[in-house]
Amino acid sequence: MSSANNITGGIYNKLNSINDFFNLKTENQRLLEENTYLKNLLSIEQFSIDSINKINIDSTTQVKRFDYFSAKILKNDFTRRNNFLLINKGSKFGIEPEMAVVNSKGIIGVTKNVSKYHATVISILNSYSQINAKIKNDHHFGTLTWNGKDYQKIQLLDLPRQTKVKIGDTIITGGKSTIFPEGILVGVVDNIEKNNKKFEVIDVKLFNDMSSISNVNLIKNNQKDEIIKLQLDNDE
Amino acid sequence: MNNLFQNSIWFVVLVIIQVLFFNNINLFGYINPLFYIIFIFYYPLKKEKISLLFFSFFLGLCIDFFSDTGGINAAATLFIAYIRLPILSAILRKSEFDYQLFNIRAISFGKSIWYIITLTFIHHLIVFGLDYFSFNEFWNIISKTFITSIFTVSLILLAIILFTKRR
Chain A
1 MSSANNITGG IYNKLNSIND FFNLKTENQR LLEENTYLKN LLSIEQFSID SINKINIDST
61 TQVKRFDYFS AKILKNDFTR RNNFLLINKG SKFGIEPEMA VVNSKGIIGV TKNVSKYHAT
121 VISILNSYSQ INAKIKNDHH FGTLTWNGKD YQKIQLLDLP RQTKVKIGDT IITGGKSTIF
181 PEGILVGVVD NIEKNNKKFE VIDVKLFNDM SSISNVNLIK NNQKDEIIKL QLDNDE
Chain B
1001 MNNLFQNSIW FVVLVIIQVL FFNNINLFGY INPLFYIIFI FYYPLKKEKI SLLFFSFFLG
1061 LCIDFFSDTG GINAAATLFI AYIRLPILSA ILRKSEFDYQ LFNIRAISFG KSIWYIITLT
1121 FIHHLIVFGL DYFSFNEFWN IISKTFITSI FTVSLILLAI ILFTKRR
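Here the protein sequences line up with chains A and B, keeping their order.
So for the first sequence, the working numbering puts the first residue at 1; every next one is plus one.
So for the second sequence, the working numbering puts the first residue at 1001; every next one is plus one.
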């Protein structure tokens, strides 16, 4: 039972074309910032590559690990305990279940049901969402969950006791799962509840405002099957 | 036949305004009224329950389809449709009704408010109970049920006062 079918998807599509008009300004601003960031990255590359230290790149040995897709959010929930989103791309465009959904400011969710032209996304604001995350410049990792209270804050659990965490530290995805690549932004540490034995819960304030998201990127891990097969072999 | 047609139109209109309008209100950041249950209060009182149960189940299911809630609204709406008659007879202290003439405006205002509040509260308790589905979050469920019920009941009362004729 999901909203990724033709009828509900079509109705949300129509509604979204109206709503889009009101969000044009903020969404353009975000895309402009992302473009500026990417252009800055490009200019660094051009400086280092010149004819003196030319390296022959053999493209047959290169492996494309991640494929990126673009999509648009048609329905956005953030007020319930278990929130799902609806996006306007489906299996016809190469979308599969369990693909990462992100935008330039950070993580948004993981795809779940996929129909021909639509797909539903388990938002990070959902009790079923468990995403591997770590502190930037550190390799201790934990799990991101949501306690259902504030849609701007999610919780980081299971960090080892010896981790040095301060309020204001940046949290990024850990890359220990097959869904999210490493280093996608999540948020900053907002509050740490410490007791004698271990870190209880770390509140993470999201970079994304989950109440207003529109254009997103989907990430497909091309080595996922290989990794899963390896792990299955381990269990035998 | 006329009645069935009228109810079907009501059904579609309620689904559309619930999904496109009331699900996006987000009062104080997170309150969305479940206005569509006004269908249960409006549906003509009959001795046989099957048509109401049928309609209310599919009404809930349609809302579920749109909001990805997998059957929660269908269960809650079906339940209050089933207990509508017993609750009404308990509130009015009658066992037999004049089914043809019954109207929500025909009974006294105080009693109709009680009737609406009771059914709305039960419906919301089931919806949020199944949504959170954990005893850890008991107080969250209760508080959300109370706050949303207040909002839903006031909207339903407003709609009934504005759009029905007093008999």
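Glycine residues also receive a C-beta, built at the ideal position from the N, C-alpha and C atoms.
From a predicted model like this one, the values you see are computed outputs, not experimental measurements.
{"Query": "Excluding the five sequence neighbours on either side, which residues of its own chain have a C-beta within less than 6 Å of the C-beta of I1141(B), listed in chain order?", "Result": "F1128, G1129, Y1132"}
{"Query": "Under DSSP, the beta strand (DSSP E) around I1159(B) begins and ends at which residues?", "Result": "Note that residue 1159(B) is Ala in the sequence shown, not Ile. Taken as a continuous stretch (DSSP letters only), A1159(B) belongs to no beta strand (DSSP E), being part of the alpha helix (DSSP H) at 1138-1163."}
{"Query": "Output the boundary residues of the alpha helix (DSSP H) element that contains D67(A).", "Result": "Unbroken run through D67(A) is the beta strand (DSSP E), 66-75; no alpha helix (DSSP H)."}
{"Query": "For Y1030(B), which residues in chain A fall below 7 Å Cβ to Cβ?", "Result": "T79"}
{"Query": "Is it the case that the Cβ atoms of T170(A) and E182(A) are separated by a distance below 8 Å?", "Result": "no"}
{"Query": "Express the C-alpha separation of A1081(B) and L157(A) in angstroms, rounding to a whole number.", "Result": "42 Å"}
{"Query": "Using 8 Å for Cβ pairs, my map puts N217(A) next to F69(A). What's the rounded Cβ distance?", "Result": "7 Å"}
{"Query": "Could you tell me whether the Cβ atoms of N215(A) and E27(A) are closer together than 8 Å?", "Result": "yes"}
{"Query": "Tell me whether T60(A) is buried or exposed, calling it buried when 16 or more other Cβ atoms sit within 10 Å of its Cβ.", "Result": "exposed"}
{"Query": "Take the Cβ of L206(A) as the centre, count every other Cβ of all protein chains shown within 10 Å, and call the residue buried at 16 or more, exposed below.", "Result": "buried"}
{"Query": "Taking the DSSP output, what are the residues bridged to E193(A)?", "Result": "V201(A)"}
{"Query": "Of the residues R81(A), Y117(A), L42(A), L32(A), which one's Cα is nearest the Cα of I73(A)?", "Result": "Y117(A)"}
{"Query": "Should D67(A) go down as buried or exposed, given a rule of 16 or more other Cβ atoms within 10 Å for buried?", "Result": "exposed"}
{"Query": "Which residues does DSSP pair with G10(A) in a beta bridge?", "Result": "Beta-bridge pairing links G10(A) to no other residue."}
{"Query": "Cutting at 8 Å between CB atoms, please list the residues of its own chain near Q152(A), excluding the five before and the five after it.", "Result": "K205, L206, D209, M210"}
{"Query": "Closest Cβ-Cβ distance between F84(A) and chain B: below 8 Å?", "Result": "yes"}
{"Query": "What residues in the segment 141-168 of chain A have a beta carbon less than 7 Å from any beta carbon of chain B?", "Result": "G148"}
{"Query": "Could you give the DSSP three-state label for L1045(B): helix, strand or coil?", "Result": "coil"}
{"Query": "Of the choices T1118(B), P1033(B), F1102(B), whose alpha-carbon is the least far from that of K1144(B)?", "Result": "P1033(B)"}
{"Query": "So what does F1133(B) bridge to, in DSSP terms?", "Result": "Note: F1133(B) sits in no beta bridge, so no partner."}
{"Query": "Run through chain A and tell me which residues come within less than 7 Å of L1020(B), C-beta to C-beta.", "Result": "L15"}
{"Query": "Just how far apart, CA to CA, sit K1165(B) and K1094(B)?", "Result": "24 Å"}
{"Query": "Which of the three DSSP states, helix, strand or coil, is assigned to I108(A)?", "Result": "strand"}
{"Query": "Measure from the alpha carbon of I1009(B) to the alpha carbon of each residue in N1023(B), Y1042(B), I1031(B), L1027(B), then state which is nearest.", "Result": "Y1042(B)"}
{"Query": "Please determine, among Q162(A), I154(A), F180(A), the residue with the shortest C-alpha to C-alpha distance to D187(A).", "Result": "Strictly speaking, residue 187(A) in this sequence is Gly, with Asp absent from that position. Per the Cα distances, I154(A)."}
{"Query": "Could you tell me which chain A residues have their CB closer than 9 Å to the CB of E1137(B), listed as they occur along the chain?", "Result": "R81, N147, G148"}
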